[in-house]
Amino acid sequence: MAARSRDFVAKPNPRNGRCRLISGNWKMNLNHLEAISLVQKLHYSLRESDYHFAEISVHPPFTALRSIQLLLETDRIPISLGAQNCYFEESGAYTGEISSSMLGKLGVKYVIVGHSERRDLFGESNEIVAKKVNAVLGLEMTPIVCVGESMSQREGAETESVIQAQVDAVVTAMRPELCEQIVFAYEPKWAIGSGVPAEPADAVFGANAIRSAVAKHHGEPVANSVRVQYGGSVNSANAKEFLDQAEIDGLLVGGASLTAEAFTTIIQA
Ligand code: PEP
Numbered sequence: 000m001a002a003r004s005r006d007f008v009a010k011p012n013p014r015n016g017r018c019r020l021i022s023g024n025w026k027m028n029l030n031h032l033e034a035i036s037l038v039q040k041l042h043y044s045l046r047e048s049d050y051h052f053a054e055i056s057v058h059p060p061f062t063a064l065r066s067i068q069l070l071l072e073t074d075r076i077p078i079s080l081g082a083q084n085c086y087f088e089e090s091g092a093y094t095g096e097i098s099s100s101m102l103g104k105l106g107v108k109y110v111i112v113g114h115s116e117r118r119d120l121f122g123e124s125n126e127i128v129a130k131k132v133n134a135v136l137g138l139e140m141t142p143i144v145c146v147g148e149s150m151s152q153r154e155g156a157e158t159e160s161v162i163q164a165q166v167d168a169v170v171t172a173m174r175p176e177l178c179e180q181i182v183f184a185y186e187p188k189w190a191i192g193s194g195v196p197a198e199p200a201d202a203v204f205g206a207n208a209i210r211s212a213v214a215k216h217h218g219e220p221v222a223n224s225v226r227v228q229y230g231g232s233v234n235s236a237n238a239k240e241f242l243d244q245a246e247i248d249g250l251l252v253g254g255a256s257l258t259a260e261a262f263t264t265i266i267q268a
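Numbered continuously in numbering that gives the first Met the number 0, the sequence shown closes out at residue 268.
Structure follows, in structure tokens:
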């Protein structure tokens, strides 16, 4: 079992100075009791060196955030708490929505914004995503901004322009010191939940497209500070080949983060 300290931080990757982040997006799975059990098992199976290799975040449904916050704090488990979404307004008549300040009060550190399921199933435009990113940064949390193309866009050689438009919408009017805090996740839509991951070269292409869009607005140093995860059908067999790429700073994992065994093998890849 790994050391119990919240000060247990990931070491920067010597190849680029950026700290890796491996995140588990649980989507609409696990009630709060199941969530507690998963985090306990996960912490039990991780080694100290795993926490040095990468920061690890878990993103339960809203209903489990408070339970996981208490577990992480009480047992001093050095896993970061994440959310899957938030609304951009602070408070008001927005039935069913959760604000970034509500998440901040729960000790949430990372908020996934613009996941393709939210873009496609819930109509989130680039503009809405940009507002959410600002709401998260405004509360001193870190957005994990998901970008990526559909299969038809890929087939039409639009991957780069789609990524650029998605990144542009977020970073254009932003101060550089805020921009460099963003974590992007390159998640080709066709790879999410399909069992067909991108090739590592595709992931590197996506990461480079993200950084060149950032560089266009804020210059190379800012672009080289932003972290870029890869997400889409990551599993224990393919995680290493993504993590081996200097351009890739971690993983956003859906299905394979739902069991401690699978998520641990990915982190230990
Ligand atoms: C995701 O939901 O962000 C994701 C990458 O899912 P999966 O790993 O299941 O493809």
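Just so you know, even glycine gets a beta-carbon here, dropped at the ideal spot from N, CA and C.
Taking a contact to require three or more Cβ pairs closer than 8 Å, the stretch 187–197 and the stretch 146–157 qualify as touching. Look at K188: its beta carbon is at least 7 Å from all of the heavy atoms in ligand 1. DSSP lists V182 as the bridge partner or partners of R226. Of P11, N12, I21, V8, the smallest CA-CA separation from L251 is found for I21. For K26, the CB falls within less than 7 Å of some heavy atom of ligand 1. Leaving aside the five residues that flank V170 on each side, the residues in its chain whose CB is nearer than 8 Å to its CB run, in chain order, C178, I181, A212, V213, H216, H217. Listed in chain order, the alpha helix (DSSP H) runs fully inside the stretch 113–148 are 115–120, 125–137, counting runs of at least 4 residues. The bridge partners DSSP lists for A82 are V110. The DSSP assignment places 54–58 as complete runs of the beta strand (DSSP E) inside the stretch 33–80, in order along the chain (cut-off: 3 residues). Within the same chain, and ignoring the five residues on either side of H114 in sequence, the residues whose Cβ sits closer than 6 Å to its Cβ are C145. Cβ-Cβ separation between R14 and A245: approximately 5 Å, consistent with a contact (criterion under 8 Å). DSSP links S22 through a beta bridge to S56, L251. Note on geometry: alpha-carbon atoms of G205 and E240 lie some 15 Å from one another.
Pairing N30 with A82 gives a Cβ-Cβ distance that is not under 8 Å. Taking C-beta atoms under 8 Å as the contact rule, I143 and A208 fail to qualify, at a distance of about 17 Å.
Secondary structure at S100: helix, using DSSP grouped into helix, strand and coil. For S232, the shortest separation between its Cβ and any heavy atom of ligand 1 lies below 7 Å. For R210 and E123, the gap between their C-alpha atoms comes out near 23 Å. Between the alpha carbons of V195 and Y229 lies a distance of about 13 Å. F87 is positioned such that its CB atom lies no closer than 8 Å to that of K40. Going by DSSP, D201 is part of the alpha helix (DSSP H) stretching over 199–217. The three-state reading of DSSP puts I191 in coil, since its state is none of H, G, I, E or B.
Note that the stretch 47–58 touches the stretch 72–80; at least 3 beta-carbon pairs, one per stretch, sit closer than 8 Å. Note that the C-beta distance between F52 and A9 is below 8 Å.
Between G106 and Q163, the C-beta gap is not smaller than 8 Å, which leaves the two residues out of contact. Taking a contact as a CB-CB distance under 8 Å, the pair N234 and I265 counts as one, their CB atoms being some 7 Å apart. Rounded to the nearest angstrom, the gap between the Cα atoms of V227 and R75 is 27 Å. Per DSSP, F262 is one residue of the alpha helix (DSSP H) stretching across 259–266. The three-state secondary structure of L177, taken from DSSP, is helix.
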